[in-house]
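J.: Last residue of the sequence shown: 470 in our numbering, with the numbers rising by one and none dropped. C-beta atoms are modelled at their ideal positions from N, C-alpha and C, and glycine is treated no differently. What you are looking at is a predicted structure, and each value in this text was computed from that prediction instead of being measured. Handing you a structure now.
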Amino acid sequence: MAFQKKEWLKRIVQFPGRRKLTPSGIDNVYNVERAEGEVLQAGDGFTKENMDDLEERISSGFKDMEPFYGAYSSFPIPGDPNRTYIDNTVDPRLMYTWDPETSTYILTGGAGGADGSSIDIPVTLPAEGWTGEAAPYSQTVTVPQMRETMTPLLYFSGMGDDAQYAYSLITGYEAGYAQMTFYAADLPQVDIPITLKGILAQQLEYADNTLVVVVPADGFILNEDLGRYEQTIPVEGMVSGAQGGWDIVRSGEALTEAESKIALSITDVQPLDGAIKIVCLWPPEQQYMLKLVGTFTQATEGTTLLAGMQGWFDRVGKLEDNFGDKFSAAKAYAAGDFCIYEDTLYKFTEAKEVGEWDATKAEITTVGNELNSAKLKSELSLIETITLGANGYISIVDKVPGTKSYIFATLSSYLSASGAFNICGTGRYFVLFGEPNTTINRLTIQYWYF
């Protein structure tokens, strides 16, 4: 059990502090006894019994604060939310806390995954990235794998006395969605390399990330075994097995004929460690830009976007960056920034300096309103039945509705399908791709445009 508090009673008497002196028979030596009159409350005295009881209660309280060790199946129900429970039957050991709201044990950071696995994430805090007029100084860095509930362990991974001293200035951190905010007691003068340890491998989620890579036309080589052309493009931070989608970035309001042929020719984009491999039916006639969208882990965001798309990506990126942030009095906001205050989404109508909340400088909004302000619209199209070819794709150019140039399409619904499939394309040219010979019934596609 937890430490048991005791209410100590005060001694209450008629004449507090009064004593009676009785001569002892020895010069200047007296016997002293209380002469307090009526005793209204005896109180708890400074006795051996009371002190022994205090020692026992303190000892029991500390004992209950010690971690509980044992198999997960042996954890007590209910648990103590103030205590740590460690499953020492797996390697590495897993740490849990009791959540009284859900009446379950929650796996916390600093241990490993459910399969005994965890990952290390390198992070660098640049010297010029710190903000604030006085301590604590802060710096927020992107960590795509991070979530609010994670509590990784920090390890200094640099070299040299200057970097070591800079690391010692860090006083703590806050984990957020795909980011971490670090705090320092003074302004570090050099970059600080850090390794985050104990991220739960089985709970990893990846932040969506859109990047654009330039694909040269002269780099494709025929793979005679596959009968297809391939080119590997370096993409910093890409990892093998990452998931996501791809598309062609158009050079105008609609795809050119050459861009349309490129979109139709690509059969696969494979994530590799530090690169992507593009596989196509024929080599492109010109250089083009490939947009990668989705959960591409730590891949560095692209910066080369054509003017027709830049505004949309900037807007969506800003919304994603800000919608999850609660208002902070320690942060300055620019006009157009977003924050959550008292569970309500606000957009700042003018710049706000560091300080308490000022309702005159912000207005209530919604995600839908902000996306609609980008003038993004959509149309639905129904395909009764369609079958992918033996090569795993089929063009649906003749089934695209209207005469508009669409920026992308999404699968809205389908009645049944004999295999997995997806959609890609832009402008007026779209392709369904997936498992060869897949048949899809009553497929509804949503086409998006400005």
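Which residue wins for smallest C-alpha separation from aspartate 418, given the options Pro236, Pro303, Tyr449 and Lys26?
T.: Tyr449
J.: So, at 6 Å on beta carbons, what are the nonlocal neighbours of proline 101 in its own chain, with the 5 sequence-adjacent residues on each side left out?
T.: Trp118 and Pro120
J.: I need the DSSP call for asparagine 70, collapsed to helix, strand or coil.
T.: It is helical.
J.: Provide the residue span of the alpha helix (DSSP H) that contains alanine 278, from first to last.
T.: If you look at alanine 278, you'll find it in the alpha helix (DSSP H) that goes 277–285.
J.: Assuming aspartate 181 is part of the alpha helix (DSSP H), what are its boundary residues?
T.: 181–188
J.: Three-state secondary structure (DSSP) at lysine 367?
T.: strand
J.: My output table needs one value for lysine 419: the three-state DSSP class, helix, strand or coil.
T.: helix
J.: Starting from valine 52, follow its DSSP beta bridges and name the residues at the other end.
T.: Leu41
J.: Would you check if the region 202–209 and the region 137–151 touch, i.e. whether three or more CB-CB distances between them fall below 8 Å?
T.: Yes, the region 137–151 is in contact with the region 202–209.
J.: Taking the Cβ atom as the reference point for each residue, do serine 285 and tryptophan 302 lie within a distance shorter than 9 Å?
T.: yes
J.: Would valine 52 pass as a contact of valine 33 if the rule is Cβ separation under 9 Å?
T.: no
J.: Of all the options Ala295, Asp293, Leu292 and Val299, which has the alpha carbon lying nearest to the alpha carbon of alanine 283?
T.: Val299
J.: Short of 7 Å in beta carbon distance, which residues of its chain neighbour serine 415, apart from the five on each side in sequence? Order them along the chain.
T.: Leu284 and Val451
J.: Where glutamate 277 and threonine 162 are concerned, what is the direct C-alpha to C-alpha distance, given to the nearest angstrom?
T.: 39 Å
J.: Is it buried or exposed, tyrosine 413, if we count other Cβ atoms within 10 angstroms and call 16 or more buried?
T.: buried
J.: Starting from glutamine 251, follow the beta strand (DSSP E) in both directions and report where the run begins and ends.
T.: 248–254
J.: From the DSSP output, in three-state form, read off alanine 204 for me.
T.: In the structure shown, alanine 204 adopts extended strand secondary structure according to DSSP, grouped into three states.
J.: Using the C-alpha atoms, what's the distance from alanine 437 back to alanine 195?
T.: 41 Å
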